[in-house]
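Right, one structure below, let's go through it.
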Amino acid sequence: MSIARIALDVPLPTLFDYTAENVAVGQRVLVPFGRKQVVGVVMECAADSDLAAERVKPVTRVLDDAPPLPAELLAMLRFCSDYYHYPLGMTVLSALPSRLRSGRRVAFKDAAQYMLSASGRALTPDDLPKRKVVQRRIVAALQAGALNSAQLRALSPGAPAALKALRAAGWVEPGAAPVAAAACAFDNAHTLTAEQQRAVDAVAHARGYACFLLHGVTGSGKTEVYVHLMHRALQRGGQVLLLVPEINLTPQLENYFRSRFPDAMLASLHSGLNDGERAHNWLNAQSGRARIVLGTRLAVFAPLPQLALLIVDEEHDASF
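Residue numbers (our numbering): 1053 to 1372.
What follows is the structure in structure tokens.
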């Protein structure tokens, strides 16, 4: 029985230890806290606890079949908690739409591929007990390259449980799905000026992470630069996150970007949506189905597995 260290939505600067089997970092779980059952997010897994065994309660149940929050996002949330001196649990849970902070099960589409970790690559199937047939089969398959959840399930109906065990042991880890070229309809009716083209080329030719400031007065054509950069990112199979300072800007921009990219699913994330709409759009972003995510600052916590371009419009605005 392992220990799951769980972030809870309470104003305390600590994680809480619970016993659990086959849980993964990033999963939502339902746990007893005082006289209530509350939702938490698994932040760490450990072999033991500093608490006496009789004081460590078990996880009531795991709410997700796949981690909704990837390790990279959890690391950013830890940074936010430290930087703003805000309780870690409240920081982590605030990244979830309110419906996902409830105890209801939610069907997540696992967009990640899985691969052997450094320790997993040192394994051979024969290093696992012979009775762990499915685990041995998964390790053998992953030695040939990364596989997604559907491909792993095709190996055996017992693949999800075996995968959880391999992840808990640290032998398998999720990885970003490879970005492939994707067809993307694009309304290219507007010809770029020489100045706009230089801006597009400067950003497009960057390799790896790079940050650019695009400065121009209202009406100077910054949005057209955004559109051409978005098109390039979408063609590579990536997702685009566009942050705007105010909710009232989103309807106009939604209509505009839908007209320019008619085949790309667009999801909005802002506090003006009802709980169901926000959860639905968050899940579309998390699964990779939403190619363009448009939102206010809260959208920065949406887990986009194929994020290729982040645009902060009117970055100087006090709302950011």
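Where is the CB? At the ideal position from N, CA and C, for every residue including glycine.
CB contact flag (residue i, residue j, <8 angstroms)
{"i": "LEU1266", "j": "LYS1274", "result": "yes"}
{"i": "PHE1313", "j": "PHE1238", "result": "yes"}
{"i": "ILE1055", "j": "VAL1108", "result": "yes"}
{"i": "ALA1192", "j": "PRO1212", "result": "no"}
{"i": "TYR1135", "j": "PRO1110", "result": "no"}
{"i": "ASN1333", "j": "SER1320", "result": "yes"}
{"i": "PRO1217", "j": "GLN1187", "result": "What sits at residue 1217 in the sequence shown is Ala, not Pro. Going by C-beta atoms, ALA1217 is nearer than 8 angstroms to GLN1187."}
{"i": "VAL1185", "j": "LEU1295", "result": "no"}
{"i": "ASP1369", "j": "PRO1303", "result": "no"}
{"i": "LEU1325", "j": "GLU1276", "result": "no"}
{"i": "ALA1377", "j": "ASN1074", "result": "This structure does not reach residue 1377, given that the chain is present from 1053 up to 1372, and the question cannot be answered."}
{"i": "GLY1222", "j": "SER1272", "result": "no"}
For residue j and residue i, believed in contact at Cβ under 8 angstroms, the rounded distance
{"i": "VAL1077", "j": "ALA1123", "result": "6 angstroms"}
{"i": "VAL1292", "j": "ILE1344", "result": "5 angstroms"}
{"i": "GLN1089", "j": "ASP1116", "result": "Wrong, their Cβ atoms sit about 16 angstroms apart, outside the cutoff."}
{"i": "VAL1091", "j": "SER1154", "result": "7 angstroms"}
{"i": "LEU1067", "j": "LEU1140", "result": "7 angstroms"}
{"i": "PRO1355", "j": "LEU1168", "result": "The Cβ separation is near 23 angstroms, so there is no contact."}
{"i": "LEU1361", "j": "ALA1285", "result": "4 angstroms"}
{"i": "LEU1152", "j": "ALA1331", "result": "6 angstroms"}
{"i": "ALA1258", "j": "LEU1281", "result": "Wrong, their Cβ atoms sit about 11 angstroms apart, outside the cutoff."}
{"i": "LEU1145", "j": "VAL1083", "result": "That pair is no contact at about 13 angstroms."}
{"i": "PHE1085", "j": "LEU1103", "result": "Actually they are not in contact, since the Cβ atoms of PHE1085 and LEU1103 sit about 14 angstroms apart, beyond 8 angstroms."}
{"i": "MET1317", "j": "ALA1351", "result": "About 15 angstroms; that fails the 8 angstroms criterion."}
{"i": "ALA1098", "j": "ARG1057", "result": "6 angstroms"}
{"i": "LEU1194", "j": "VAL1224", "result": "7 angstroms"}
{"i": "GLY1290", "j": "LEU1359", "result": "7 angstroms"}
{"i": "ALA1147", "j": "PHE1353", "result": "4 angstroms"}
Exposure label - residue i; buried when at least 16 CB within 10 Å
{"i": "TYR1166", "result": "buried"}
{"i": "SER1150", "result": "exposed"}
{"i": "MET1095", "result": "buried"}
{"i": "PRO1209", "result": "exposed"}
{"i": "LYS1182", "result": "exposed"}
{"i": "ASN1336", "result": "buried"}
{"i": "SER1201", "result": "buried"}
{"i": "PRO1065", "result": "exposed"}
{"i": "PRO1357", "result": "buried"}
{"i": "HIS1283", "result": "buried"}
{"i": "ARG1250", "result": "exposed"}
{"i": "ALA1233", "result": "Its pLDDT being 45, under 50, ALA1233 is placed unreliably in this model, and the value from its coordinates should be taken loosely. Exposed, because fewer than 16 other Cβ atoms sit within 10 Å of the Cβ of ALA1233."}
{"i": "GLY1197", "result": "exposed"}
{"i": "PRO1063", "result": "exposed"}
{"i": "GLU1367", "result": "exposed"}
{"i": "HIS1322", "result": "buried"}
{"i": "VAL1072", "result": "Sequence check: residue 1072 is Ala here, not Val. The residue is buried, with at least 16 neighbouring Cβ atoms inside 10 Å."}
{"i": "GLY1347", "result": "buried"}
{"i": "GLY1328", "result": "exposed"}
{"i": "THR1143", "result": "buried"}
{"i": "VAL1114", "result": "buried"}
Range of the contiguous alpha helix (DSSP H) that encloses residue i
{"i": "GLY1172", "result": "1170 to 1173"}
{"i": "LEU1265", "result": "Per DSSP, LEU1265 belongs to no alpha helix (DSSP H) and is neither H nor E."}
{"i": "VAL1252", "result": "1246 to 1256"}
{"i": "SER1320", "result": "Segment 1318 to 1321 is the beta strand (DSSP E) holding SER1320; no alpha helix (DSSP H) there."}
{"i": "LEU1350", "result": "Here LEU1350 belongs to no alpha helix (DSSP H), and DSSP marks it neither H nor E."}
{"i": "GLU1124", "result": "1123 to 1136"}
{"i": "SER1146", "result": "1140 to 1146"}
{"i": "LEU1194", "result": "1185 to 1194"}
{"i": "GLY1328", "result": "1327 to 1339"}
{"i": "PRO1212", "result": "1211 to 1220"}
First through last residue of the beta strand (DSSP E) which encompasses residue i
{"i": "PRO1303", "result": "Premise fails: PRO1303 lies in the alpha helix (DSSP H), 1302 to 1312, not in any beta strand (DSSP E)."}
{"i": "PRO1084", "result": "1080 to 1085"}
{"i": "GLY1347", "result": "1344 to 1347"}
Those residues which DSSP pairs with residue i across a bridge
{"i": "GLN1291", "result": "LEU1359"}
{"i": "ASN1200", "result": "GLN1165"}
{"i": "ILE1055", "result": "THR1071 and ALA1098"}
{"i": "LYS1088", "result": "PHE1085"}
{"i": "ARG1113", "result": "LEU1082"}
{"i": "VAL1364", "result": "LEU1295"}
{"i": "VAL1093", "result": "ALA1059 and ARG1080"}
{"i": "PRO1226", "result": "TYR1166"}
heavy atom of the ligand SAH below 7 angstroms from residue i C-beta
{"i": "ARG1312", "result": "The ligand SAH is not part of this structure, which contains no ligands at all."}
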